[in-house]
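S.K.: Residue numbers (numbering that gives the first Met the number 0): 0 to 257.
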Amino acid sequence: MLLRHVLGISRAGIYLACEQPMPEEAQSRFRALLDARARGRPVPYLTGHREFMGLDLLVDERVLIPRPETELLVELLLHLLQERPGARIADVGTGSGAIAVALATFLPRAAVLAVDVSAEALEVAAANVARHGVADRVRLARGDLLAPVSASGWTGLDAIASNPPYVDAEGSRHLPREIREHEPLLAVVDPGGGTSFHARLTVEAPDLLRPGGWLALEVAAGQAPEVVELFEQTGVYGPVRVVKDLQGIERVVAAERR
Ligand SMILES: C[S@@+](CC[C@H](N)C(=O)[O-])C[C@H]1O[C@@H](n2cnc3c(N)ncnc32)[C@H](O)[C@@H]1O
0 MLLRHVLGIS RAGIYLACEQ PMPEEAQSRF RALLDARARG RPVPYLTGHR
50 EFMGLDLLVD ERVLIPRPET ELLVELLLHL LQERPGARIA DVGTGSGAIA
100 VALATFLPRA AVLAVDVSAE ALEVAAANVA RHGVADRVRL ARGDLLAPVS
150 ASGWTGLDAI ASNPPYVDAE GSRHLPREIR EHEPLLAVVD PGGGTSFHAR
200 LTVEAPDLLR PGGWLALEVA AGQAPEVVEL FEQTGVYGPV RVVKDLQGIE
250 RVVAAERR
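(1) Could you round the C-beta distance between F105 and L77 to whole angstroms and report it? I think they count as a contact, below 8 Å.
(2) Do N127 and V100 come within 8 Å of each other at the CB atom, strictly closer than that value?
(3) Below 7 Å CB to CB, which residues in the same chain sit around A25 once its five sequence neighbours on both sides are set aside?
(4) Alpha carbon to alpha carbon, what distance is there between I88 and G211?
(5) Identify which residue in L2, P238 and S151 has its Cα closest to the Cα of L112.
(6) For R49 and T93, I'd like the C-alpha separation in whole angstroms.
(7) Could you give the C-beta distance for D115 and R136, rounded to a whole number, given that I count them as a contact under 8 Å?
(8) Return the bridge partner residues of S161 from the DSSP annotation.
(9) Is the beta carbon of S171 within less than 7 Å of some heavy atom of ligand 1?
(10) Check whether the Cβ atoms of V251 and A215 sit closer than 8 Å, and answer yes or no.
(11) Pull the bridge partners of H48 from the DSSP assignment, please.
(12) In angstroms, rounded to a whole number, what distance separates the CA positions of E169 and R199?
(13) Once the 5 residues before and after I13 are set aside, which same chain residues still bring their CB inside 8 Å of it?
(14) In three-state terms, what does DSSP make of R256?
(15) With hydrogens ignored, establish whether the beta-carbon of A97 is closer than 7 Å to any heavy atom of ligand 1.
(16) Between the stretch 226-243 and the stretch 191-205, can you find at least three pairs of beta-carbon atoms closer than 8 Å?
(17) Here's a check: name, in chain order, each residue in its chain whose Cβ is nearer than 6 Å to the Cβ of R28, leaving out the five neighbours to either side.
(18) With a CB to CB cut of under 6 Å and the five nearest residues on each side skipped, what residues in its chain are close to W153?
Okay, here's the thing in structure tokens:
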């Protein structure tokens, strides 16, 4: 992947070019990338790209690298909202804009309000929104969780999606070096214990959802039962759904506001 990036050629192109000498300048760029990789810098930060839902997203150290598990959250929402093509959706903690851009791309009449507390992350999200031609339907807002959603007058939403930071303080000490030293900790660690963002969202979302609107949250391995309880404690959602990822881990918890 790094070689392809340096040479600007396809995977097949590498085989076709393998008999040709590599220009000096490309060799030194390739060596520099290999050194950085050996020091733990993730490949997507080195190439500046990451694929998500088949979309090529720009990424750098200002944002979390979108993970394949999060595609499950998007797929669930695409399924739930298929009868509501003009849905209005909030993506809370948008980071690179992965969820917002994917929803706007695959629901071509939907409008998305993408929120993040990090101004730097929103710069990356803006680049991805422009890159995928959805700037007319994805609005970006800076602030704490749902505050920018109500401040923008967005109520009666069809869905609120979030992949919030969910690693607790103890877990953050055992994160792989690649994450600990390179990804923004603001995007990964929840100083409130791992499910504090989920707790706030389950309580605050009903005011902004229309009856029949969905709150869908990504969770860490093992957090689903606790998050299901958070939904149930509010008494305002219908039956809570839990979706497992391909490894059989419960990854997404969602319910409809009654
Ligand atoms: C796990 S990342 C998810 C990024 C992206 N949605 C994805 O799935 O790849 C969590 C995001 O939440 C943002 N965040 C952290 N605290 C926040 C808060 N209080 N309000 C809004 N966003 C917050 C972080 O800056 C980060 O971009």
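Even for Gly, the Cβ is constructed at its ideal location relative to N, Cα and C.
M.R.: Reading it off the structure:
(1) 5 Å
(2) yes
(3) V5 and L6
(4) 13 Å
(5) S151
(6) 15 Å
(7) Contact doesn't hold; Cβ gap of about 18 Å is too wide.
(8) V91 and L216
(9) no
(10) yes
(11) L57
(12) 21 Å
(13) L2, R3 and L6
(14) strand
(15) yes
(16) yes
(17) V5
(18) L112
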